[in-house]
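Protein chains in written order, with the working numbering: chain B, 1 to 158; chain E, 1001 to 1567.
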Ligand SMILES: Cc1cc2nc3c(=O)[nH]c(=O)nc-3n(C[C@H](O)[C@H](O)[C@H](O)COP(=O)(O)OP(=O)(O)OC[C@H]3O[C@@H](n4cnc5c(N)ncnc54)[C@H](O)[C@@H]3O)c2cc1C
Ligand SMILES: Cc1ncc(C[n+]2csc(CCOP(=O)(O)OP(=O)(O)O)c2C)c(N)n1
Ligand SMILES: [Mg+2]
């Protein structure tokens, strides 16, 4: 029985302590759940960190993921989001020979700009919805990007 | 009080009321063993293998309801214990397992007997700790005991580097735990419980599906009351044997792969499943899409992740079974139940059509007879453990269990080698009962070194080896599904089990007949010694009835008629 798989964003608030991240990633690998992306950073002025995990699975699997996450002792809260603002950042390195103004115009359309111009390369950044970052990365293919790094999504409930 | 980390371990165990610790020493845990030497708070039982120490702690916990404690050294001591941790994790057994670790300064250097113990135990424990400062030790140990026993119970592993056991710090166990991220939900939702009682009142063919959670919750007697007040028949999982007494007229039997025909048919026909502390394991449900197809499902479980994991619950209730059952009992009189007598009658008819039974043989002992016979001779006076295989299923089918915590067996992991050490733990917790381990000729060799422990510590476990010269359960599958290609299951070459027992200072018996068996059991029980009773049984007996893996519960293979030999 193959159930429909959906993309989902799950946020997890955890106590900032040793090996808490491995508890979470072990849970995903041990139970065969997908991680599309995972970001983590401390929550300011608290002993907690916030993880944003982009995953996919059937409704039943997503429900299990949130329940299993919640079972981990250092997990305070798990949000399975519906109505969210979601952003992702990407950094892209281009050869200096490419058309800088074209690249800059494209970046601006995706909340970005050129952030560094060196001797041989330029580095641009964009920050937008993950799907739009995806589109952007398609669009810049013809400028021969040398390296791309994506941050993974972060999200907040509306 | 300023004491060392090692002394803190001892003091904490005392504060937790621990009276028995199972373990095995080694370099990294020596500071703690030095303190064990000096104390008289608790008994330490030296097993002859770390796996056995953990299984013994499991048996102890199963019989007593308390947290079992095991202690081991780093590296190979720890890896030997992993099977025990995994076993306890699968069967929700509360344990605290303390291991030594190389000193902090050496962690990560591939030091002698270093292994990433918490990395390994993470996926087979409820929680684990690497202690990096002795000042944290009182809190961590207190948390470990609390987490192990509360909510859905399970094993907690505490790994302590050697230098931490030497570090001197203040010890104060009178701390209030504040686990803001861990708050098990024990009280069931009242409105939902009312709805359940109404659903029960409207159901025509309701069925209780009782699981090991009832025993974890110490709720067997409340459940008995609920079953009788409502008059609803009940099936038990393997882990719930003894919740209802074997002779309870409302107990249909065990369900699942080797459950009774009537239990599986009742589950297939019911219109309302009332699951109490059961987790819809695949050995129980068979083909999921056909499981209890006509029924709404009530699921009471303390672990939200158990609910709607495999079978969708129409009435989910997160809470401790005991609390929920007490709430249900208080509503029993308010809600008028249907009269379920015709439903009970049809369930009884299933039982009459295909009763759980076996055919005797005049020449050869049947393994089922042995189990039934022990039931007749010892009954309520014995606590029972098993190893894994055919003998395990027959024990569940044919032993007359009368009370909760009478039975300990490895259900979820199915660990061969569990039975004997677990029986030692059971004996340590419950010395007034005879401790019987039903085992197989395969399984017993997986922890037979425990003869030494049992003899030394006077834990007179009677091991009844149902010798079929086979890894019988695997052989059964080969007979049924692999065209009798008996790949590596034929155990023709065997030790002399009598001499084996004797070599360690136990008693050994080899029996071929009913009379010999009775005499051997009587002798072993009277002499109150560690014993091996090797019973030569018919080799090719199959555990029946059976739902082939992945099949539907209502499609059981049934016991073949007498005369149609299955070899
Ligand atoms: C060879 C072999 C064959 C087997 N065949 C069968 C078979 O035919 N039939 C069968 O039944 N089993 C069989 N088993 C055992 C099977 O693998 C499972 O171990 C067993 O079915 C699980 O039982 P359970 O559902 O009662 O769950 P358990 O493992 O006992 O789990 C207990 C459940 O109760 C919950 N719980 C715990 N404490 C509480 C509390 N205080 N309040 C509320 N809920 C609580 C837990 O969260 C969990 O969901 C077999 C095993 C082997 C090795
Ligand atoms: C540690 C371990 N290894 C392998 C298995 C697979 N297995 C399950 S039952 C069984 C046969 C057990 O033989 P025996 O102890 O003689 O019991 P019998 O089935 O003959 O009663 C085996 C090998 C297991 N459950 N545990
Ligand atoms: Mg055998």
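Built from N, CA and C at the ideal position, the CB exists for glycine as well.
Every value quoted in this text rests on a predicted model; they were computed, and no experiment measured them.
For residue 1162 of chain E, the enclosing alpha helix (DSSP H) starts and ends at 1162-1166. For residue 1309 of chain E, the chain B residues whose C-beta falls within less than 9 angstroms of its own C-beta are 60, 63, 64, 67, listed in chain order. At a C-beta separation below 7 angstroms, residue 1181 of chain E has these neighbours in chain B: 15, 73, 74, 75, 76. Taking all protein chains shown into account, residue 1279 of chain E has 16 or more neighbouring C-beta atoms within 10 Å of its C-beta and is therefore buried.
Contact between the region 1406-1418 of chain E and the region 1079-1098 of chain E is present, with at least three C-beta pairs closer than 8 angstroms. Within the chosen limit of 8 angstroms, ligand 2 reaches the beta carbon of residue 1441 of chain E through at least one heavy atom. In this structure, E/1264 is the residue among E/1264, E/1230, E/1002, E/1298 with its C-alpha nearest to the C-alpha of residue 1354 of chain E. Between ligand 1 and the CB of residue 1276 of chain E, the shortest heavy atom gap is smaller than 8 angstroms.
Under the three-state reduction of DSSP, residue 1101 of chain E is assigned to strand. Comparing C-alpha distances from residue 1259 of chain E to each of E/1225, E/1393, E/1382, E/1276 shows the shortest one belongs to E/1393. Counting C-beta atoms within 10 angstroms of its own C-beta, residue 1527 of chain E has fewer than 16 neighbours from the protein chains shown and is therefore classed as exposed. With a minimum length of 3 residues, the unbroken runs of beta strand (DSSP E) contained wholly in the region 1292-1342 of chain E fall at 1296-1301, 1315-1318. Residue 1415 of chain E has its CB nearer than 8 angstroms to a heavy atom of ligand 2. For residue 114 of chain B, there is no enclosing alpha helix (DSSP H); the enclosing beta strand (DSSP E) has its first and last residue at 113-117. Scanning B/50, B/129, B/124 for the CA closest to the CA of residue 20 of chain B turns up B/50. Linking residue 1547 of chain E to residue 1267 of chain E through their CA atoms gives a straight-line distance of about 13 angstroms.
Near chain B, meaning a CB-to-CB distance below 7 angstroms, the residues of the region 1144-1167 of chain E are 1147. Contact of residue 1138 of chain E with chain B by beta-carbon distance below 9 angstroms is absent, the smallest such distance being about 17 angstroms. Taking the Cβ of residue 1478 of chain E as the reference point, every heavy atom of ligand 3 lies at 8 angstroms or farther away.
Contact annotation for residue 1304 of chain E against chain B: 67, 70, 71 [CB-CB distance below 9 angstroms, chain order]. Exposure of residue 1513 of chain E is indicated by the presence of fewer than 16 other C-beta atoms within 10 angstroms of its C-beta. In this structure, residue 1055 of chain E lies away from residue 1097 of chain E, with their beta-carbon atoms at least 9 angstroms apart. Residue pairing for residue 89 of chain B: DSSP places it in a beta bridge opposite B/127. Straight-line measurement puts the Cα of residue 1308 of chain E at about 51 angstroms from the Cα of residue 1515 of chain E. Proximity of residue 1119 of chain E to chain B, defined by a Cβ-Cβ separation below 9 angstroms, is satisfied. Chain-order list of chain B residues neighbouring residue 1122 of chain E: 19, 22, 23, 26, by C-beta distance under 8 angstroms. Under DSSP, the beta-bridge partners assigned to residue 1004 of chain E are E/1168. Inclusion of residue 1036 of chain E and residue 1049 of chain E in the CB contact set at 9 angstroms is not warranted, their separation being larger than that value. Residue 1507 of chain E and residue 1501 of chain E have their C-alpha atoms spaced approximately 6 angstroms apart. With a 10 Å radius around the Cβ and a threshold of 16 neighbouring Cβ atoms, residue 1367 of chain E comes out buried.
Relative to ligand 1, the beta carbon of residue 1057 of chain E is positioned no closer than 8 angstroms to any heavy atom. Shortest gap from the CB of residue 1216 of chain E to any heavy atom of ligand 1: under 8 angstroms. DSSP places residue 70 of chain B within a helical segment (H, G or I) once states are collapsed to three. Only 26, 30 from the region 26-58 of chain B bring a Cβ to less than 7 angstroms from some Cβ of chain E. Between residue 1161 of chain E and residue 1198 of chain E, the alpha-carbon positions lie close to 56 angstroms from each other.
Ranking B/127, B/33, B/32 by CA distance to the CA of residue 86 of chain B puts B/127 first.
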